[in-house]
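Residue numbers (this note's numbering): 4 to 242.
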């Protein structure tokens, strides 16, 4: 029997989290400030969401727009604050000025997490060398997922890269799960599933009213239905 595909939904608050779980999400990514593409939420938000839902949640560790780590000492303090607030899984990823992984910053945050599972986010899509980045990070504790569209421009441009990386699953640097997100639409899903991709991340696609509106349980359920094998409907919503 095949495993159920993973559906991760971005949540900004308790209302989003409850709706996402009701619609069939498997996991949440907790952020604030989507104008900056998602920053670390307040600790109180993490505590409230953790109390309201029982699905997995991953908290963004990112202090400013862009992919530079910034103040690493502060990042480490924030990581400890999030753990104290009830977070046990995280999302982060930092690049240096030439597009290489900022390994020193990543390693310091990983050390603060003490083995917690984490996702390296779409910084990989801006990396100068995706393969080199993966191999540099391969043995870091807790890294189990890459959130990626396959290309900086989004899934439309990254389909071939996603398929190629899925085909390398299990090789050094490619043991982690690929979580597809970034311009993801329902019409992408059949091809991605056929190429062996089994985890999907949505944000705006779960919000009929856009980022100013809440997550819709019905929209999440529509994605859940498609991922579980029903035909793709013609109404398409980008992330």
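A virtual CB, placed ideally from N, CA and C, is assigned to each residue, including glycine.
Source: prediction; values computed, not measured.
| Query | Result |
| --- | --- |
| Should residue 83 go down as buried or exposed, given a rule of 16 or more other Cβ atoms within 10 Å for buried? | exposed |
| Closest by CA to residue 69, which one among 33, 109 and 129? | 129 |
| Would DSSP call residue 65 helix, strand or coil? | coil |
| Put residue 180 into one of helix, strand or coil per three-state DSSP. | strand |
| Return helix, strand or coil for residue 36, following the three-state DSSP convention. | coil |
| Return the Cβ separation of residue 102 and residue 224 in integer angstroms, given the expectation that the two are a contact with Cβ distance under 8 Å. | Actually they are not in contact, since the Cβ atoms of residue 102 and residue 224 sit about 39 Å apart, beyond 8 Å. |
| Would you be able to state if there are at least three C-beta pairs under 8 Å between the segment 99 to 117 and the segment 152 to 161? | no |
| I need the boundaries of the alpha helix (DSSP H) containing residue 49, first residue and last residue. | 46 to 55 |
| In whole angstroms, give me the CA-to-CA distance for residue 207 and residue 72. | 25 Å |
| Given 8 Å as the limit, is there contact between the segment 17 to 24 and the segment 208 to 220, that is, 3 or more CB pairs closer than that? | yes |
| Report yes or no: do three or more beta-carbon pairs, one from the segment 169 to 178 and one from the segment 196 to 206, lie closer than 8 Å? | yes |
| Helix, strand or coil: how does DSSP classify residue 218 here? | coil |
| Per DSSP, what are the beta-bridge partners of residue 122 in this structure? | 94 and 148 |
| Between residue 147 and residue 183, what straight-line distance do the alpha-carbon atoms span, to the nearest angstrom? | 14 Å |
| Going by the DSSP bridge assignment, what does residue 191 pair with across the sheet? | Note: residue 191 sits in no beta bridge, so no partner. |
| Say yes only if the C-beta of residue 218 is nearer than 7 Å to one or more non-hydrogen atoms of the ligand ATP, and no if none qualify. | Judged by which ligands are present, the structure shown has none, so any question about the ligand ATP falls away. |
| Counting Cβ pairs closer than 8 Å, one from the segment 77 to 95 and one from the segment 50 to 62, do we hit at least three? | yes |
| Quick check on the burial criterion: 16 or more other C-beta atoms within 10 angstroms. Buried or exposed for residue 24? | buried |
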